[in-house]
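Take a look at the structure below.
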Amino acid sequence: TLIVFDFDETMIPIDSDRFVLENLSGSEWPRLKASLYESARVQQWNKGMHDAMESLHKLGVTRLHLVECLQRVRIDPVLKAQIRELKASGANIRILSDANRFFIDTILQQNDLTEIDEVLTNPADFDEDGCLRIKPYHTDPHPPESRSPPNLCKGRIMTSWLSERPWNKVIYCGDGTSDIQGALHVPSAAAGGLVLARKGFTLHNELVAAAAAAAAPQAPPPNPHASLAALAVAEVTAGMALGEAGGRAGLVPWRDWEHLA
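Mapping to my numbering: the sequence shown position 5 is 197, numbers consecutive.
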C-alpha cells in the first residue's frame, strides 16, 4: 500500500510558509503577504517564498529563529499514532508537498515522526550568509496537460512512484490546488485507488463541482469523531470509515475523480 500525504493543512493544521512569515516578519507581514499572494496568483509561490526568506534575513531572522518558530507546529497526536499504525501494517508512507525540505524536516523532527518513508518537496538550504534559499524541485517543463506551478508537478511525481512496483492500494490525502494534479494520477477505485480530500478545501470543492457537473454520485458526509489517518487505517485494514482531519476538518473519501480532468 502506498499512502501519500500532502503536508501543509493536511498532515499539519496550518500552512507552514504563512505561519513562519506571519510570526517572524513583524510589521513587514502585510507587505510580505501582499507580495506572496501576488506570486501565488501567477503560480510563482515558490519564488515568492524564496524572496520572502531574503526579506526575513534582512530583518535579522536567523536559522535559529526559523527553527524555534517551526518547532511550535504540532502534528495531531491521534494522527501520529495512526500513521504509526499504518506503518506497522506495512504501508509505505510518503509526503508530497509544495512547501520546502527545511520546514518539513524541522517539523517532523520536533514531532518525533520517523515513520515517513520519503519526503519529496522543494529543496531548501542556507547560504554562507545564513539566508534560507528555497529552490524549485522541477526545473524542466511539465507535460502540457499539467495544471501545476512550474516548480513542482505532483502528477509527475505520482506517475514516477506508481511505476516503482504494482501497488495493491494507493491512497492520496490532500487539500489544495496543487493536489488536484496528484489526485488525477491516482489509480481508479477498481484498481485500488482512493483520494481523501479535506472537506471545504480546494481539492474537495473541485471534486464536488466536477462530480455535480458529471452527475457523479456524491460522497457521504464525514463522521466528526475519527481522524484523517483513521480513514486510511480503515481502508487498509478493514474497509471504509468516514472521519475528520485530525479533529479539525472533515476528510471525504472520494472514489471518482476522473471528472477533474
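No residue lacks a Cβ here, since even glycine has one placed at the ideal position from N, Cα and C.
For residue i, the nearest candidate out of the options (CA to CA)
i	options	result
H334	I326, S227, L344, R325	L344
N292	D198, P222, W353, A381	D198
F295	L312, P341, A280	L312
S380	F393, N360, Q274, R210	N360
G366	G392, P358, T331, A383	G392
A280	T193, E398, N397, A389	T193
D304	I349, R276, A389	R276
D457	L224, K225, H242, V400	The question about residue 457 has no answer here: the residues shown for the chain are numbered 193 through 453.
H330	D321, I349, P336	I349
W237	P358, D309, R210, L258	R210
Nearest-angstrom Cβ-Cβ length linking residue i and residue j, presumed shorter than 8 Å
i	j	result
I285	I195	5 Å
K378	G368	According to the sequence shown, residue 378 is Val rather than Lys. Not quite, the Cβ-Cβ distance comes to about 16 Å (not below 8 Å), so this is no contact.
S338	G347	6 Å
S231	K239	6 Å
Q235	P341	4 Å
V212	L278	So it is not a contact: roughly 28 Å between Cβ atoms.
Status (buried if at least 16 other CB within 10 Å, exposed otherwise) for residue i
i	result
P414	With a pLDDT of 45 at P414, under the threshold of 50, the modelled position of this residue cannot be trusted; read the value that follows with caution. Under this definition P414 is a buried residue.
G282	exposed
R264	exposed
N314	buried
S208	buried
L256	exposed
R387	Note that residue 387 is Val in the sequence shown, not Arg. Looking at its Cβ environment, which holds 16 or more other Cβ atoms inside 10 Å, V387 is buried.
S352	exposed
A316	buried
A383	exposed
D290	buried
V428	Low per-residue confidence applies at V428: pLDDT is 45, beneath 50, and the placement is therefore not dependable, though the value from the model is reported in the following sentence. Result: buried.
R233	exposed
Y364	buried
A389	buried
V362	buried
One or two residues paired with residue i in a DSSP bridge
i	result
I363	I195, L386
I326	A316
E288	In the sequence on display, residue 288 carries Leu and not Glu. In DSSP, L288 forms a bridge with L312.
Residue-level contact to chain C via CB, residue i, 7 Å cutoff
i	result
V259	The structure shown contains no chain C, having only a single protein chain.
Should the segment 364 to 376 be regarded as contacting the segment 268 to 275, the criterion being three or more beta carbon pairs within less than 8 Å?
no
Contact between the segment 235 to 251 and the segment 213 to 224 is defined here as three or more beta-carbon pairs at a separation below 8 Å; is this criterion met?
yes
Do the segment 239 to 248 and the segment 318 to 333 meet, that is, are 3 or more Cβ pairs less than 8 Å apart?
yes
Is it the case that the segment 199 to 215 contacts the segment 296 to 315, given that we only count it when at least three CB pairs across the two stretches are under 8 Å?
yes
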